[in-house]
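Numbering (our numbering), first residue to last: 977 to 1063.
Have a look at the structure below, then the notes.
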């Protein structure tokens, strides 16, 4: 699939933000939160299981790397000629 440079940069930016969000979510889902009360303990389980978040993070990282490699490859293949420059 072909996309413009600006679209590819936006996709890479969104993928990078997604990796950051999932990294934060991963640390929050790694353990249950225990609130100690007088006679009882309240255990709050994470909303999303650790393994699910880890898999999503792995996929997001792969997507970010794929986009980054494609942008780097394109930067070596594409040349731009400016109107005021002559070769």
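Cβ coordinates follow ideal geometry from the N, Cα and C atoms, glycine included.
Could you round the C-beta distance between residue i and residue j to whole angstroms and report it? I think they count as a contact, below 8 angstroms.
i            : j            : result
residue 1005 : residue 1026 : 5 angstroms
Could you tell me the alpha carbon to alpha carbon distance between residue i and residue j, rounded to whole angstroms?
i            : j            : result
residue 1030 : residue 1013 : 31 angstroms
residue 1036 : residue 991  : 6 angstroms
residue 998  : residue 1053 : 33 angstroms
residue 977  : residue 1011 : 50 angstroms
residue 984  : residue 1046 : 9 angstroms
residue 1048 : residue 1022 : 38 angstroms
residue 1017 : residue 986  : 46 angstroms
residue 982  : residue 1009 : 42 angstroms
residue 1034 : residue 989  : 17 angstroms
residue 1055 : residue 1032 : 36 angstroms
residue 1057 : residue 1041 : 29 angstroms
Which partner residues of residue i appear in the DSSP bridge assignment?
i            : result
residue 1017 : 1012
Between the Cα of residue i and the Cα atoms of the options, which residue gives the shortest distance?
i            : options                  : result
residue 1003 : 1039, 1053 and 1024      : 1024
residue 1020 : 1007, 1028 and 1039      : 1007
residue 1038 : 1001, 1017, 1061 and 995 : 995
residue 979  : 1059, 1043 and 1056      : 1043
residue 1028 : 1001, 1059 and 1060      : 1001
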